[in-house]
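Enquirer: The structure follows.
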Amino acid sequence: MADDADIEVPLTGGRITPGVVRVGDTVCRPRLPTSDLVAELLIHLERQRFTGAPRYRGVDSYGRDVLTYLPGEVPARLQTFTDAQIQDAGALLRRLHDATRGCDLAGPRQVVCHRDPGPNNVVFRNDRPVAFIDFDTAAPGDPLDDLGYMAWLWCWTAKHAAPPVPVQARQVRLLADAYHLDADTRRCGLVDTMLASQLRNIDFWRQRAATTDDHEQADRMIAWTEHQYDHTTRHRDALDLALRR
18 MADDADIEVP LTGGRITPGV VRVGDTVCRP RLPTSDLVAE LLIHLERQRF
68 TGAPRYRGVD SYGRDVLTYL PGEVPARLQT FTDAQIQDAG ALLRRLHDAT
118 RGCDLAGPRQ VVCHRDPGPN NVVFRNDRPV AFIDFDTAAP GDPLDDLGYM
168 AWLWCWTAKH AAPPVPVQAR QVRLLADAYH LDADTRRCGL VDTMLASQLR
218 NIDFWRQRAA TTDDHEQADR MIAWTEHQYD HTTRHRDALD LALRR
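Position one of the sequence shown corresponds to residue 18 (my numbering), numbered consecutively onward.
Written out as structure tokens, the structure is:
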């Protein structure tokens with residue numbers, strides 16, 4: 018009989034890479050072209066005592082990357098978050114960036130960005146965000162790119178049931194303050210990076226549509242993101258006002 022520690026349990030929810038399984042207190046992931054960079058990054062974060070990421074534990078006998086399992090919950094879909102959750106997310110992102118600022122992996126860029134820090138890639142415990150997962154797209158970059166993406170997916174939505182626009186804009190400001198974004202960058206750059214994140218998402222799904230058979234999902238995501246982009250453009254004044262205060 019197999020030991021419970023050897024049983025592979027597929028992980029679902031969020032935007033999980035196919036083939037990811039939990040084995041005891043570890044997670045095994047198929048190796049990707051970015052695996053070496055991710056391994057170096059996670060090792061660096063451990064050395065920096067950054068607790069908001071899994072630890073890298075090598076490659077198993079099947080050639081899969083082995084990471085520590087982070088207990089908690091990962092949101093399966095976008096939702097409305099509390100002010101406290103927004104502030105915790107901003108502070109968590111700042112700690113991640115500070116842990117990579119000036120390191121060799123960042124090269125000439127300011128930090129290593131997660132590049133997909135949406136709630137679907139964050140572990141929650143006791144309803145509070147505590148750690149990032151899925152660093153497959155991590156790369157050197159501008160920290161504002163991560164923050165703009167986070168502002169969009171954590172605070173800002175065109176859904177009819179969403180909080181009023183001024184409330185959403187206030188949460189974007191809360192996120193920026195929790196990240197300790199300086200006033201000039203907050204006023205001049207954050208909304209632009211939110212819009213740029215939405216345009217990149219549209220481009221991503223257009224490329225997927227050209228290279229995959231799942232055109233229905235790609236078309237749905239393109240339409241959804243275009244709606245989000247229009248919403249951001251239409252209500253930019255509310256965002257600018259909240260970020261200027």
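For every residue, glycine included, the Cβ atom is placed at its ideal position computed from N, Cα and C.
Classify N218: buried if its beta carbon has 16 or more other beta carbons within 10 angstroms, exposed otherwise.
Expert: For the purposes of this step, residue 218 is taken as residue 201 along the sequence shown, with counting starting at 1. Label assigned to N218: buried.
Enquirer: So what does DSSP say about R145, is it helix, strand or coil?
Expert: Within the sequence shown, the letter at position 128 stands for residue 145. Correct three-state label for R145: strand.
Enquirer: Measuring CA to CA, which of P181, V44, A93 is closest to I24?
Expert: If you number the sequence shown from 1, residue 24 lands on position 7. Of P181, V44, A93, the residue nearest in Cα terms is V44.
Enquirer: Cβ of L59 within 8 Å of Cβ of F152?
Expert: Translated into the one-based positions of the sequence shown, residue 59 becomes position 42. Translated into the one-based positions of the sequence shown, residue 152 becomes position 135. Yes, Cβ-Cβ distance for L59 and F152 is below 8 Å.
Enquirer: Tell me the DSSP bridge mates of L212?
Expert: Working through the sequence shown from its first residue, we reach residue 212 at position 195. According to DSSP, which records beta bridges pairwise, L212 is partnered with nothing at all.
Enquirer: What do you reckon, are the CB atoms on L112 and G158 nearer than 8 Å?
Expert: Indexing the sequence shown from 1 puts residue 112 at position 95. Indexing the sequence shown from 1 puts residue 158 at position 141. Rather than Leu, the amino acid found at residue 112 in this sequence is Arg. No, Cβ-Cβ distance for R112 and G158 is not below 8 Å.
Enquirer: Would you mind listing the beta strand (DSSP E) stretches within the stretch 215–262 that are 3+ residues and don't spill past its ends, in chain order?
Expert: Correct list: empty.
Enquirer: Could you check where the alpha helix (DSSP H) with T117 kicks off and where it finishes?
Expert: Here residue 117 refers to the residue found at position 100 when the sequence shown is read from its first residue. Note, T117: alpha helix (DSSP H), 100–117.
Enquirer: Does L84 come out as helix, strand or coil in the three-state DSSP assignment?
Expert: Translated into the one-based positions of the sequence shown, residue 84 becomes position 67. Strand, per DSSP.
Enquirer: Cα separation between D194 and Q65?
Expert: In the sequence shown, counting from the first residue as 1, residue 194 sits at position 177. In the sequence shown, counting from the first residue as 1, residue 65 sits at position 48. Going by the C-alpha atoms only, they are around 24 Å apart.
Enquirer: Does the stretch 164–172 come close enough to the stretch 101–115 that 3 or more CB-CB pairs lie under 8 Å?
Expert: The stretch 101–115 is in contact with the stretch 164–172.
Enquirer: Counting only the same chain and skipping the five closest in sequence on each side, list residues whose C-beta sits under 6 Å from that of L161.
Expert: As a working mapping, residue 161 is identified with position 144 in the sequence shown. Counting only Cβ-Cβ distances below 6 Å, and skipping sequence neighbours, we find G206, T210.
Enquirer: In terms of residues, what are the limits of the beta strand (DSSP E) holding G135?
Expert: By one-based count along the sequence shown, residue 135 stands at place 118. Note, G135: premise wrong, no beta strand (DSSP E); not H, not E.
Enquirer: Report yes if the C-beta distance between A155 and R132 is below 8 Å; otherwise report no.
Expert: To locate residue 155, count along the sequence shown from 1; it is residue 138. To locate residue 132, count along the sequence shown from 1; it is residue 115. Cβ atoms of A155 and R132: closer than 8 Å.
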